[in-house]
Each structure stands twice: as structure tokens, then as C-alpha cells.
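Written below as C-alpha cells is the structure these notes are about.
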Amino acid sequence: MLKVLQLIPTLDRSGAEKQMVTLARGLPRDRFQVEAATLTRSGPLEAELTAAGVPVTGITKRFKVDPSALRRLTAFLKAGRFDVVQTWLFAANAYGRIAARRAGAPVVVTAEMAVDLWKGPIERYVDRKLATYSDKVVGNSHAVVDFYKRLGVPADRLEMIYSGIADEPPPKVDPAAVRAEIGFPGDAKLALFVGRLAPQKRVDDLLKVLDLLQHVQPDLRTAIVGDGPSRESLERLAVGLALTDKVRFLGHRDDVPRLMAAADVAVLPSAYEGLPNVVLEAMLQARPVVATAAPGTTEVVVDGVTGVLAPVGDAPLLARALRDLVRDPDRGRALGEAGRARVLAEFRADAMVARFADLYERLAAARGLNATTAPTS
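Just remember that our numbering sits 613 ahead of the position in the sequence shown, which is counted from 1.
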């Protein structure tokens, strides 16, 4: 049995965190002993890990550069004697790979979850340097793998494993009641955005789209779920565009599946992605998707088949796609059903878990560890 640690900065309800929790919960317990650790702080997803019997340890990094956190993490890894350490997102990837090397962890896997165009020269140098500390750098789409290949990560260290989502029945809701609860008319058309309110997501473009549509599609309302550094400026923009009766900023929500079940369409105007969780969630519920043709998104949304794509930053075309779909509910249902079929065929959680499990065992075997007898204490 291999002892596996999943290390991530926080346990907030975001895409990478959801994927880590899905993996940690799904790894077969007859082959893996699983623990998790947060580098910075915990979050609401800790409850799901605890319920699944996955212990969670907090390292509590307090500063952007925190040598004491690195020492605590190294000591934790040494004491835990993990066979496999998997890290997620930039901070945990940096601290985790250095600590794993110092602790002598036999296998190190790094998860990269987006085409990280935000990274500057320092972050790119760190990624190239620390790639030599990873047995594998796993991208959750071909776009992510290609990005890190261009960054200089050796091709033989890269692997692609699509994100996955569990097939769970959608909640039964009264759409009109959900709209009314949000503060919208019960018979309104509802678009739903879910994501971090940060420049990457280009929610300002969505607000410009809604400004274009508010007179030609007056029954359209939009719920924006999530929080982040751009929220205050986006709320000001919504006021400036006279959208206060058309848009609701709902902040973090624990009932996204319920909101998705009540929505007519999911919208994602991002500049770049990895493999967006919200798109998988929408398609699983047979909701049509209107999105930008961002790296990563194009691998799950097939334009005209499972949703509609528009060029990044093209508000008029995104507005037209959203307007046309809202006006044609039969087409929306057809796109939604095709999307659900695609998710179940290509992006299942059990397939993602099986591929990671196989990867761990292959890498462990290459290090001389027997997956059935590897020491766990």
C-alpha cells in the first residue's frame, strides 16, 4: 500500500481544490493510504475530506516567502514518510517540491491546472527549475501540457490527465422559486457565472455583454457566484452600466448545483483556463454553455455541439451567442444533452482517479517501491 499526500494551498470551493478532493476521496483504500495538507489555510472542502476519512494537516504559511513554513512542511513530510507527494497550484507546487526533495520523498507529482498566462519571469523560472524535482508534471488538458512544454519543462516529465466529475443526480428545484430567492422575476431567463472574480475570468466582459443585451433581451438576468480581488470594481461597473436589476453578485455559495439546475445557460468569458470545472458541472446537468474559446475550454466545449464559443474579448459575438441561445430553448436543451453525453464519455471522475492511481504505482515501481508492500510508517 502506498502512502499518498495531497498538498494544496487552501480548501476553498474552487476548481483545483474540488479536483484534489475528488481524487483524495476516490483513490482505492486497498491500494492507497491518503492524507491531505493545506499550505496556507483550510476551507469548506475540509469537511468532505474528513467525512471520507482523509486526515487534513495545516502548515499555515503566513507570508509570501515564509522559510518557517517550509521548515514545518519539510518536518511534516519527513515524519509522515509518504511514498507519493502530489502538489497543486503554484505556492504548494513551489514549497511542496522543495520540501519533498529535502524530506527524501520517493515520488513527487505536480498538478498544473491552467494555462497560467499570469506567470511572469520569476514564476516561470521557478516552474522550470522545480520541474527537475518532479517525477511528473500533470496537466489537466492538452493546452496546459503544451503551455508547460513551451515554458521549458521536458516533455518526458509531462503527462495529461483530464479533470473529472462524478455523475451525481441534479437537485430537484423549482426554477421560478430559485429566481425569486435571488431577487429576480420567476419567469426571467437566468444565466449563471461561477468562478473566482479575478482578471483571468474577464467578468467585466460579461457585464459589457449584459449591457448590450439589456434592451434587446430585457428578460435576461444573471447570477454571478464567487468572490475575489475584482469583486468591488465589478460591482461598481455593474452600477455604472445600470445593471443593478439585471445582475446579482452572490459571493461564495455552497449550493452551486442547485443554482445550476435552475439556470437556462452557464456563461464563462475567461481569457484562459485549464479544464474549467464549472463547464463540467453545467454539462453534467445538461445545461448549455456559452463561453470564450479560451485555452482549455475548447477541449470540453465543442462549438455548436455542446455549447457555443466566441473569441476571447469579443463582447458583441458573446452577446449574440447568449441572446440566440436564450431565445431558442429547444436548441439549448439539445446542446445540454449533448454536453452531458460528452462529460459522461470523456470526463468521468472515476477515470481521472484511475489514471492517477496508475501513475502513482508506475512511478513507485520505477523507484523500487512495491505498491502492495511499500512501507507506510
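Positions of the beta carbon are idealized from the N, C-alpha and C atoms, including for glycine. Keep in mind it's a predicted model, so treat the numbers as computed, not measured.
DSSP state of residue i mapped onto helix, strand, coil
{"i": "residue 918", "result": "coil"}
{"i": "residue 781", "result": "coil"}
{"i": "residue 949", "result": "helix"}
{"i": "residue 632", "result": "helix"}
{"i": "residue 712", "result": "helix"}
{"i": "residue 986", "result": "Because residue 986 carries a pLDDT of 46, less than 50, the predicted location of this residue cannot be relied on, and the following value inherits that uncertainty. Of the three classes helix, strand and coil, the one that applies to residue 986 here is coil, per DSSP."}
{"i": "residue 966", "result": "helix"}
{"i": "residue 961", "result": "strand"}
{"i": "residue 663", "result": "helix"}
{"i": "residue 656", "result": "coil"}
{"i": "residue 942", "result": "helix"}
{"i": "residue 764", "result": "helix"}
{"i": "residue 955", "result": "helix"}
{"i": "residue 728", "result": "coil"}
{"i": "residue 974", "result": "helix"}
{"i": "residue 625", "result": "coil"}
{"i": "residue 639", "result": "helix"}
Paired residues, beta bridge with residue i - DSSP
{"i": "residue 802", "result": "833"}
{"i": "residue 773", "result": "752"}
{"i": "residue 650", "result": "620, 670"}
{"i": "residue 615", "result": "645"}
{"i": "residue 1051", "result": "Since the displayed the chain opens at 614 and closes at 990, residue 1051 lies outside it and no answer follows."}
{"i": "residue 838", "result": "807, 864"}
Opening and closing residue of the alpha helix (DSSP H) in which residue i lies
{"i": "residue 863", "result": "No alpha helix (DSSP H) holds residue 863; the beta strand (DSSP E) holding it covers 860-864."}
{"i": "residue 847", "result": "844-853"}
{"i": "residue 811", "result": "Neither: residue 811 is in no alpha helix (DSSP H) and is coded neither H nor E."}
{"i": "residue 789", "result": "788-795"}
{"i": "residue 692", "result": "680-693"}
{"i": "residue 739", "result": "734-744"}
{"i": "residue 874", "result": "869-875"}
Boundaries (first-last residue) of the beta strand (DSSP E) holding residue i
{"i": "residue 816", "result": "Residue 816 -> not in any beta strand (DSSP E); alpha helix (DSSP H) instead, spanning 816-826."}
{"i": "residue 724", "result": "720-725"}
{"i": "residue 878", "result": "878-881"}
What runs of the beta strand (DSSP E), each 3 residues or longer, lie entirely inside the region 885-938? 902-905, 920-923
Three or more beta-carbon pairs under 8 Å between the region 642-653 and the region 669-688, yes or no? yes
Stretch pair the region 879-894 + the region 798-814: three plus CB contacts closer than 8 Å: yes
Does the contact criterion of 3 or more C-beta pairs under 8 Å hold for the region 718-732 versus the region 965-981? yes
At a cut of 8 Å, does the region 886-905 reach the region 915-926 through at least three beta carbon pairs? Contact holds: three or more Cβ-Cβ distances are below 8 Å.
Determine contact between the region 755-771 and the region 946-965, defined as no fewer than three beta-carbon pairs at a distance below 8 Å. no
Would you be able to state if there are at least three C-beta pairs under 8 Å between the region 778-792 and the region 854-872? yes
Answer yes if the region 964-974 comes into contact with the region 939-949, meaning at least three C-beta pairs across the two stretches below 8 Å, and no otherwise. no
Between the region 853-868 and the region 766-781, are three or more C-beta pairs nearer than 8 Å? no
Stretch-stretch touch, CB-based, cutoff 8 Å, three pairs: the region 727-742 with the region 785-798: no
Would you call the region 790-802 and the region 825-836 in contact, with 3 or more CB pairs under 8 Å? yes
Across the region 855-866 and the region 743-753, are there enough close Cβ pairs to call them in contact, namely three or more that are closer than 8 Å? no
Cβ pair count under 8 Å reaching 3, the region 634-644 against the region 708-717: no
With a threshold of 8 Å, are at least 3 pairs of Cβ atoms found where one atom belongs to the region 691-703 and the other to the region 723-735? yes
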